[in-house]
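First comes the structure, then the notes that go with it.
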Amino acid sequence: MRTRFAPSPTGSLHIGGLRTALFAWLIAKQTKGTFVLRIEDTDQAREVVGATQVIIRTLELSGIPPDEGVMFDTTGEIVEKGEYGPYHQSKRLPLYRKYVDELLENGHAYHCFCTSERLDAMRKKQQELRLAPMYDRQCINLPKDETAKRIAAGEKHVIRMKIPREETVTYDDVIYGPLSFKGHTIDDQVLLKSDGFPTYHLAHVVDDHFMKTDMVIRGEEWLSSLPKHLLLFRAFGWDTPKYAHVPLLLNKDRTKLSKRQGDVAAEHYLTKGYLPEALLNFLVLLGWNPGTEQEIFTLTELISIFSLERVHKSGAVFDLEKLDWLQGQWMRRIPVEEFAARIRPLVTEKYTAAGTDPDFLKRAALIQERITFFPEAPEMLGYFYESPSPTMALIASPKQKIEPAQVPTIIDFLKTQLGIVPDDNWNRDSIVAAIEQALPASGFKKGQVLWPLRVMLTGREYSPGAYEVAELLGKSETMKRLAVALS
RNA sequence: GGCCCCAUCGUCUAAUGGUUAGGACAGCGGGUUUUCAAUCCGUUAACGGGAGUUCAAUUCUCCCUGGGGCUGCCA
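With our numbering applied, the first sequence covers 201 to 687.
Here it is, written out as structure tokens:
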């Protein structure tokens, strides 16, 4: 099946857009079809420079790049690939013009010279009379010669669609099921703007016809425009694609997910350190479920089990809590070598020594099960690359039942016990043995010696275990840190 | 206001004409543990309301209520 994602380059890729793209990508992949990226740049005023790059990059980073349409070449330049282009709507103007002319000839569309001032006034009046704001068709029966004359005189105009008002348009949406719309409630939509650009409605129908889209997967906000699109396909005499409208992503207050209430830019989550696997896993679960109790899915698994039939109709609140959990799950699934490779540049940026550290993999392994985001790594590994400054306040922990007065004794105990571990046998097991064998006679509890040891070695309130840190630090460094004076 | 759509724990969701209405996240309690995290166990918490159909309705129908989307020469 050929599916497509068709965003406007008006800013970064919306997180809801990424979910829609994911659904479309999954359908294309599971049918061994093609996922097309088309850029809907028909609103010159709202276009943002660089937005197309961001959109493509976000899809790529997420792991769902387009197969056809707008994409990057090997050098990172935006190119178009495929036989149904161009894939930027701004490059298809003659095509839209041609088909809107056809509509004009067949009586499915008409010229409209109304000014926006008149339209505003009209709507205002309609609102006051509690009527549906709709174009009043003032220009629908303009004589041909008058129309021609006004156009020739350079008068600004648009082309509107003529809706058959007596009809009821019905459709069976892949997700929403049977839908029906009464013709007299549908507005005579503008198809071609006065600047010669098409509106979404015209461009969508023409493009998805010529690009041979089998299924249009888009957000639910398009549901009420659907009859216009259906009518256009019919007016052109073209087959209608299947439509699957997907439920919206919502703010906490259940309004349509918007910028004001949080970050809606998909790349924000990626740059913040969320794994694409976690992000897509989270998004796919918003509105869809596999019918089993499985919650963690790779993209490959999703390709085989995803289905639009199991997407339901109500909107889903975009609540990050579960994303954080999924992030943790995915972080822990990364092979440790890969994990180390990912964080190494980040850690090296702050601590040059990490770049040549032969034990980096072991240190990375220590934090993998407790880290949430890659950027936390430098902070979490800092004590391996710079000497900590432990304080008495931190060591004398009431929770561990440690009195300040006991601290020197405890540290002496640690020095003595660790001192007897042979240099060539410095490993976790022998460190454990050296300390725990002497524990009963010392009168200290485990926590009373291990908490101070950990703090002396790391200077931190939280960190991986004392034994593991000591092992990786090596004997001489461990002994050195135990000898540091407390502040 | 008009049109269209939707409605199960706080959130994401499952299931069913007869069930103790299931799971996950979060919350809470506990185990493990030198801290934090991770992990394990337990636990709080939902069918919006009213009619109708039926022996039986959370499930089917209708109405209401609530929520959302659209209502641009935006997409």
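All C-beta atoms in this analysis are idealised placements derived from N, C-alpha and C, irrespective of residue type, glycine included. Computed from a prediction, not measured in an experiment: that's the story for all the values here.
Residue 272 sits in a strand when the DSSP states are folded into three classes. Taking one beta carbon from each stretch, the stretch 586-601 and the stretch 614-622 have fewer than 3 pairs nearer than 8 Å; the two do not touch. Around the CB of residue 658, 16 or more other CB atoms lie within 10 Å, so the residue is classed as buried. Remark: three or more beta-carbon pairs, one from each stretch, lie closer than 8 Å, so the stretch 540-549 and the stretch 574-589 are flagged as touching. For the pair residue 682 and residue 656, the CB atoms are nearer than the 8 Å cut-off. Distance from the CA atom of residue 676 to the CA atom of residue 529, rounded to whole angstroms, is 36 Å. The straight-line gap separating the alpha-carbon atoms of residue 211 and residue 254 is approximately 8 Å.
If you draw a straight line from the Cα of residue 447 to the Cα of residue 489, it comes to about 14 Å. Of the residues assessed, residue 287 falls on the buried side of the cut-off, its CB having 16 or more other CB atoms within 10 angstroms. For residue 276, the closest C-alpha among the options 652, 257, 267 and 516 is that of 257. Boundaries of the beta strand (DSSP E) harbouring residue 373: 368-373, taken from the DSSP string. Pairwise C-beta distances place the stretch 422-438 out of contact with the stretch 313-323, as fewer than three of them are shorter than 8 Å.
Taking residue 217 as the centre and dropping the five residues before and after it, the same chain places the C-beta of 207 closer than 6 Å to its C-beta, in chain order.
DSSP, read as helix, strand or coil, puts residue 309 in strand. Per DSSP, the beta bridge partners of residue 382 are 368. Of the candidates 449, 476 and 440, 449 places its Cα closest to the Cα of residue 464. Residue 631 sits close to residue 667, with the two beta carbons spaced by under 8 Å. In the structure shown, residue 398 falls within a strand segment according to DSSP collapsed to helix, strand and coil. When 386, 467, 352 and 435 are compared, the shortest CA-CA separation from residue 305 is found for 435. Residue 237 is bridged by DSSP to 205 and 269. Only residues of its own chain outside the window of five on either side were considered, and among them 300, 303, 359, 360, 361, 362 and 391 have a CB closer than 7 Å to the CB of residue 309, listed in chain order.
In this structure, the beta-carbon distance from residue 233 to residue 202 falls below 8 Å. Distance from the CA of residue 501 to the CA of residue 266, rounded to the nearest whole angstrom, comes to 19 Å.
In summary, residue 340 is exposed, with fewer than 16 beta-carbon neighbours lying within 10 Å of its beta-carbon over all protein chains present.
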